[in-house]
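Numbering (the UniProt record's numbering), first residue to last: 1 to 228. Heads up, the beta-carbon is just placed ideally off N, CA and C, and yes, glycines get one too.
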């Protein structure tokens, strides 16, 4: 039987759709949900699960198949969301530009303070939309977002509004996944969800958090230390 007092749930590189659904159904008090490279979880399944988590404050959906419309629904369902990490494989130019993710975030997540979009396709327009729609941002990670030209007025505005900014070409030494940059010109068949043919995590790097350590009684636990 699952405890209905879970506050933090971290799942990585596993086929966990049924487990995720069962756990969330048993714990509407969940504050932090981290889902990374979980191939079996669909946009529809994640929406159904997250819609039952009105108290959610932190969400990671890295290297997962999540549509922009799903992000909007999540933003509307989780008004307390303060941290979002939606990461994918970075590509060097030329690459299609797309601000759909940025616009979905800007339109539905005004309370964000921490945002990581590693490898996203957003442009300067998308970044401006985020700055307009998320006035409380404190940390913004744009590493390997190579369509963003963080110079001039945009750079000034970003640095004035956001306390910590990680630029597209900043070091990736502390990034927990494989940060290899793909050259889109070398392959015509890119994965639309940012997954490469190379394992994102090696076998030695798998980890599964003991859920019991994130119980609500653990007042010393600081979820943000895992993000920055």
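Residue span of the alpha helix (DSSP H) that contains residue i, given as start and end
i	result
residue 156	152-161
residue 46	43-50
Closest Cα partner of residue i within the set the options
i	options	result
residue 150	122, 138, 137, 176	122
residue 169	90, 68, 59	90
residue 110	96, 88, 85, 75	75
residue 55	40, 77, 47, 61	77
residue 28	47, 44, 52	52
residue 83	156, 138, 161	138
residue 79	140, 147, 173, 31	31
residue 146	97, 60, 133	97
residue 65	72, 100, 44, 134	44
residue 92	165, 160, 148, 174	148
residue 161	135, 173, 37	135
residue 68	99, 50, 165	99
Residues that residue i bridges to, as DSSP identifies them
i	result
residue 80	Answer is none; residue 80 lacks a bridge partner.
residue 170	Residue 170 is not bridged to any residue.
residue 66	Note: residue 66 sits in no beta bridge, so no partner.
residue 240	Outside the displayed range of the chain (1 to 228) lies residue 240, so it cannot be described from this structure.
residue 86	Residue 86 pairs with nothing; no bridge assigned.
Residue i burial status per 10 Å Cβ neighbour count (16 or more: buried)
i	result
residue 171	exposed
residue 33	buried
residue 180	exposed
residue 58	buried
residue 152	exposed
residue 156	exposed
residue 81	buried
residue 60	buried
residue 182	buried
residue 12	Bear in mind that the predicted position of residue 12 carries a pLDDT of just 46, short of 50, making it too unreliable to give a figure here.
Whether residue i touches residue j by CB criterion (8 Å)
i	j	result
residue 142	residue 167	yes
residue 158	residue 115	no
residue 144	residue 118	yes
residue 128	residue 112	no
residue 88	residue 124	no
residue 42	residue 72	no
residue 70	residue 46	yes
N- and C-terminal bounds of the beta strand (DSSP E) containing residue i
i	result
residue 60	58-62
residue 32	32-36
residue 101	No beta strand (DSSP E) holds residue 101; the alpha helix (DSSP H) holding it covers 100-108.
residue 124	Element bounds for residue 124: not the beta strand (DSSP E) but the alpha helix (DSSP H), 124-133.
residue 166	164-166
residue 141	139-141
residue 116	114-116
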